[in-house]
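Trainee: In the working numbering, the protein residues as written are 14 to 188. Ideal placement from N, C-alpha and C gives every residue a C-beta, glycine not left out.
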């Protein structure tokens with residue numbers, strides 16, 4: 014990232030999900046967090062909000078470089094913000110003929126909405142990021158399922174779902 018006025022200094026790098034200590038380090042150094050194929054855990058998410066730290070996650074490596082270049086140039090395209098709508102835990106999986114794998118999900122926080130985006134997280138690593146193909150409650154198609162309820166979720170073109178996986182449902186808003 015060659016520029017005359019600004020140098021990028023990496024003060025910490027590591028593997029695994031983004032943690033609260035990563036956020037505190039970024040806050041103390043007035044830095045930002047850049048994650049590749051990882052997500053902040055719930056405590057880190059709270060710390061990001063509390064400390065007002067910029068935290069961005071990416072799935073495509075060149076997008077990191079493009080975004081940093083735009084950030085440095087001050088020509089940043091309209092900012093987008095992810096808003097987490099809900100989280101659910103996969104309790105069981107079912108192989109349904111003609112449909113594929115359906116996850117039996119318990120909604121832990123917020124709600125699961127059919128028209129929102131979803132990412133599947135396993136051990137702090139994003140395994141899938143895409144759309145919900147089907148959302149059912151007692152074999153009935155529904156548009157959303159609220160906290161403390163169970164539902165069946167099918168992901169678009171993805172079947173590698175395992176018990177213990179976390180579904181994080183979100184929308185993208187332009188700031």
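What three-state label does DSSP hand residue 88 in the structure shown?
Mentor: Here residue 88 is taken as the residue at index 75 of the chain shown, counted from 1. For residue 88, the predicted structure reports a pLDDT of 48, less than 50, and the residue's modelled location is therefore unreliable. The matter cannot be settled from this model.
Trainee: Could you work out which residue in 84, 76, 86 and 132 is closest to residue 103 when comparing CA atoms only?
Mentor: Residue mapping note: residue 103 aligns to position 90 of the chain shown, counting from 1. That would be 132, whose Cα lies nearest to the Cα of residue 103.
Trainee: So, under 8 Å CB-CB, residue 143 and residue 125 are touching, yes? Tell me the CB distance rounded to an integer number of Å.
Mentor: Translated into the one-based positions of the chain shown, residue 143 becomes position 130. Translated into the one-based positions of the chain shown, residue 125 becomes position 112. Incorrect: roughly 14 Å between the Cβ atoms, too far for contact.
Trainee: Between the Cα of residue 183 and the Cα atoms of 115, 25 and 95, which residue gives the shortest distance?
Mentor: Counting from one through the chain shown, the residue named residue 183 turns up at place 170. Residue 183 has its Cα closest to that of 95, out of 115, 25 and 95.
Trainee: For the stretch 146-185, which segments carrying the beta strand (DSSP E) assignment without a break, of at least 3 residues, lie completely within its bounds, in sequence order?
Mentor: Segments of the beta strand (DSSP E) lying fully in the stretch 146-185: 157-159 and 163-168.
Trainee: Answer yes or no: do residue 188 and residue 67 have a C-beta to C-beta separation smaller than 8 Å?
Mentor: The count along the chain shown starts at 1 and reaches residue 188 at position 175. The count along the chain shown starts at 1 and reaches residue 67 at position 54. No; because the gap between Cβ atoms is not below 8 Å, this pair is not in contact.
Trainee: Apart from the five residues on each side of it in sequence, which residues of its chain come closer than 7 Å, Cβ to Cβ, to residue 176?
Mentor: Along the chain shown, one-based indexing puts residue 176 at 163. For residue 176, where only same-chain residues beyond five positions count, the Cβ hits under 7 Å are 103, 104, 105 and 106.
Trainee: Cβ of residue 122 within 8 Å of Cβ of residue 156?
Mentor: For the purposes of this step, residue 122 is identified with residue 109 of the chain shown, where counting begins at 1. For the purposes of this step, residue 156 is identified with residue 143 of the chain shown, where counting begins at 1. No, Cβ-Cβ distance for residue 122 and residue 156 is not below 8 Å.
Trainee: Going by beta carbon distance, what residues of the same chain come within less than 7 Å of residue 119, once the five residues before and after it are set aside?
Mentor: Sequence index remark: in the chain shown, residue 119 carries index 106 (1-based). Answer for residue 119: 101, 102, 104 and 163, listed in chain order.
Trainee: Consult DSSP for residue 140 and reduce its assignment to one of helix, strand or coil.
Mentor: If you number the chain shown from 1, residue 140 lands on position 127. It is a strand residue.
Trainee: My output table needs one value for residue 36: the three-state DSSP class, helix, strand or coil.
Mentor: Mapped onto the chain shown, residue 36 falls at position 23. In the structure shown, residue 36 sits in a helix (DSSP, three-state: H, G or I).
Trainee: Does DSSP put residue 60 in a helix, in a strand, or in coil?
Mentor: Within the chain shown, residue 60 is the residue found at index 47, counting from 1. Note: residue 60 maps to helix in three-state DSSP.
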